[in-house]
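This report concerns only the one structure given below.
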Amino acid sequence: MALSKLPARADSAALSRLASSVPTDETREEIPVEAPYSGINIQTIPASTSADVSAAVERAREAQPAWADRPVSERAEAVLRFHDLVLDERRELLDVAQLESGKARIDAFEEILDVATTARHYAHRADEYLEPERRKGAFPVLTDTRVYRHPVGVVGVISPWNYPLTLSVTDALPALLAGNAVVVKPAEETPFSALLLRDLLREAGVPNDSFQVVTGRGSEAGAALVEESDFVCFTGGTETGRKVAEQAGANLTDCSLELGGKNPMVVLPDADIGKAVSGAIQGCFTNAGQLCIAFERLYVHESIYDEFLDRLVRRTRGLDLSPGYDFGPDVGSLIGSDQLETVESHVEDALSKGADVLTGGRARPDLGPYFFEPTVLTGVSDEMELAREETFGPVVAVESFDSVADAIELANDSEYGLNASVWTEDGDRGRKVARQIECGTVNINDAYAAAWASVDAPMGGMKDSGLGRRHGREGFEKYTEAQTVAEQRAGSVTAPPEGVPDGWYAKAMLVSLRAMKRLPGVR
Ligand code: NAP
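With numbering that gives the first Met the number 0, letter number 325 in the sequence shown gets 324, and the count goes up by one each step, no holes.
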């Protein structure tokens, strides 16, 4: 059923209340927000100006010390209450995320899982991550050296539209737990998920000014947030990431950049073909391929290529591409006209240069304005746009390889380095191949969730896919300033004690250095 005939679940009065809760000093230009299933405008949101963003950051800056003064256990309790609220209020969150992103409900549900998992992890581990650490001192026994972690102040989070629940809040949770205040600028297309989550965080006990959402355009509100923040956590396209890094760099503001990908999946000859095909379906078509860690390149060993391809094409044809606010459809809509245009132009360019479409390859305006069929292509070569550029749609190119070395070379032949997967029945072999793939995460016998959902382990991009990491200790410590406090209990490390001639001191130090090299406790 075309969704223009399907009533949206999300309550328009609730959307209107959320839009009017965005703090702006005066009436601002209104940005329309569209429901991708139907192309109908559902609401408008204010285009916050740089003055609005400055005011939000100022409020955050004032609120931050009191928030940081609370015991970490209190901040963790608020995040655990938020965890429960997200699960309790999941239906409204799913309705809103689907309405503004056009994704299938199962894809929105993945976001609920992710938000809850990340909240649980960081709430339980924040205490440990903030614990002062004893490090080896300059001189054993004589120097007591400890490292303390302080919040950086105000963290700016800039997020894209593809995972509006996850990406507006999961990077903010460790920042909050570390004692920072956070200001989020969600994508213009999907502001309501972020605003709803803000309300849940407030209900959970996070003070209003410690977590704020400003809506508006990246060029103004986003840039102002980069300008004003003490740390910027940016998720989005590589070209925007470069601009953010440049602006942050000019201010010597630290930032992490989670950027685009052109992710490879490698199927080794001993892989379980059925499982690998299921992995490819999930890895290529989840969220209609609008997933930074989705696969757009599949490399399959020639001994199993025909069978793999045949099964992949049959399974792809069987996917349910349709709109719907209930669980059921496998694949939803693209976000909007720009994304549809990119996907169509990449496929047309490939076809015009000799690629073959085995299934899909067409827009489906009968289902909604931005639906595009899950598409499998072969014969993709280097001069085609979709060989190297991120398509960010439900389109995958399949190619065979004859040696594992070739597969690794093909996988690494990209400016990007975000996520990969390797399929094999031999775990050791999988790990050996994985370590040679230049990507920040590599999954063995899974598409992306094994690494992504291992929230204790760092996730991020190599090469043009980013800077820094989210998740785990790395995704927490980036929001802190490390401070080393060292107490010298006797004498000085670099000056002779009073009355001792320099020459004697120098001799004694040389003996000490030689001895310390050999002492296992002094490394
Ligand atoms: P985008 O165009 O780069 O936008 C991302 C965010 O940046 C939006 O909120 C945008 O505002 C804002 N922005 C734009 N210009 C800015 C500027 N000059 N200064 C500060 N902020 C600015 O990306 P997108 O199209 O929303 O998202 C798709 C991309 O994100 C894909 O490349 C995908 O691979 C990547 N992504 C990466 C990850 C990861 O973890 N590595 C995860 C998800 C997505 P507007 O709302 O005005 O556009």
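Glycine is no exception: its CB is placed at the ideal position from the N, C-alpha and C atoms.
Distance cut-off 8 angstroms: residue i Cβ against heavy atoms of the ligand NAP
i           : result
residue 422 : no
residue 390 : no
residue 147 : no
residue 358 : no
residue 191 : no
residue 233 : yes
residue 280 : no
residue 157 : yes
residue 173 : no
residue 395 : no
residue 292 : yes
residue 227 : no
residue 38  : no
residue 260 : yes
residue 63  : no
residue 242 : yes
residue 218 : yes
residue 285 : no
residue 452 : no
residue 468 : no
residue 125 : no
residue 257 : yes
residue 184 : yes
residue 464 : yes
Opening and closing residue of the beta strand (DSSP E) in which residue i lies
i           : result
residue 160 : Unbroken run through residue 160: none, as it is neither H nor E.
residue 420 : 418-422
residue 254 : 253-257
residue 148 : 142-150
residue 395 : 394-400
residue 33  : 29-34
residue 355 : 355-358
residue 483 : 479-487
residue 180 : 180-184
residue 45  : 39-45
residue 442 : 440-443
residue 233 : 230-234
residue 210 : 210-212
residue 523 : The shown model of the chain, from 0 to 522, leaves out residue 523, and the question about it has no answer.
residue 133 : 132-134
Cβ separation of residue i and residue j, assumed to be a contact under 8 angstroms, to the nearest whole Å
i           : j           : result
residue 188 : residue 32  : 7 angstroms
residue 303 : residue 268 : 6 angstroms
residue 131 : residue 145 : 5 angstroms
residue 155 : residue 49  : Not really, about 13 angstroms apart at Cβ, beyond 8 angstroms.
residue 206 : residue 478 : With 8 angstroms as the limit, residue 206 and residue 478 do not qualify as a contact, their Cβ atoms being about 18 angstroms apart.
residue 420 : residue 442 : 4 angstroms
residue 117 : residue 454 : 5 angstroms
residue 397 : residue 290 : No, residue 397 and residue 290 are not in contact; Cβ-Cβ is about 18 angstroms, not under 8 angstroms.
residue 195 : residue 95  : 6 angstroms
residue 27  : residue 45  : 4 angstroms
residue 391 : residue 341 : 7 angstroms
residue 255 : residue 467 : 3 angstroms
residue 176 : residue 114 : Not quite, the Cβ-Cβ distance comes to about 14 angstroms (not below 8 angstroms), so this is no contact.
residue 388 : residue 345 : 7 angstroms
residue 326 : residue 105 : 6 angstroms
residue 180 : residue 66  : 6 angstroms
residue 435 : residue 209 : The pair is not a contact, with the Cβ atoms about 44 angstroms apart (cut-off 8 angstroms).
residue 148 : residue 481 : 6 angstroms
Where the alpha helix (DSSP H) containing residue i begins and where it ends
i           : result
residue 289 : Segment: none, residue 289 is in no alpha helix (DSSP H) and carries neither H nor E.
residue 54  : 49-68
residue 87  : 71-87
residue 346 : 336-351
residue 377 : Segment 374-377 is the beta strand (DSSP E) holding residue 377; no alpha helix (DSSP H) there.
residue 173 : 171-176
residue 190 : 190-203
residue 515 : 501-517
Residue i CB to nearest heavy atom of the ligand ADP below 8 angstroms
i           : result
residue 210 : No copy of the ligand ADP occurs in the structure displayed; its ligands are the ligand NAP alone.
### contact_flag[the stretch 353-368, the stretch 408-415] where n(CB pairs < 8 angstroms) is 3 or more
Cβ pair count under 8 angstroms is below three, so no.
Given 8 angstroms, three or more beta-carbon pairs between the stretch 331-348 and the stretch 277-295:
With a cut-off of 8 angstroms, the stretch 277-295 and the stretch 331-348 count as touching, because enough Cβ pairs lie within range.
Taking contact to mean at least 3 C-beta pairs separated by less than 8 angstroms, is the stretch 415-426 in contact with the stretch 471-488?
Too few Cβ pairs lie closer than 8 angstroms, so no.
- Query: So does the stretch 198-212 actually touch the stretch 170-182, counting three or more Cβ pairs closer than 8 angstroms?
  - Reply: Contact holds: three or more Cβ-Cβ distances are below 8 angstroms.
### Any 3 or more C-beta pairs closer than 8 angstroms across the stretch 69-83 and the stretch 240-250
With a cut-off of 8 angstroms on Cβ pairs, the stretch 69-83 is not in contact with the stretch 240-250, counting fewer than three such pairs.
* Say whether the stretch 304-321 touches the stretch 339-353, bearing in mind that this needs 3 or more beta-carbon pairs closer than 8 angstroms, one atom from each stretch. => When Cβ pairs closer than 8 angstroms are counted between the two stretches, the stretch 304-321 is seen not to touch the stretch 339-353, the count staying below three.
Mind the definition here: the stretch 114-128 touches the stretch 236-243 only if three or more C-beta pairs lie below 8 angstroms; say whether that holds.
With the cut-off at 8 angstroms, the stretch 114-128 and the stretch 236-243 do not touch.
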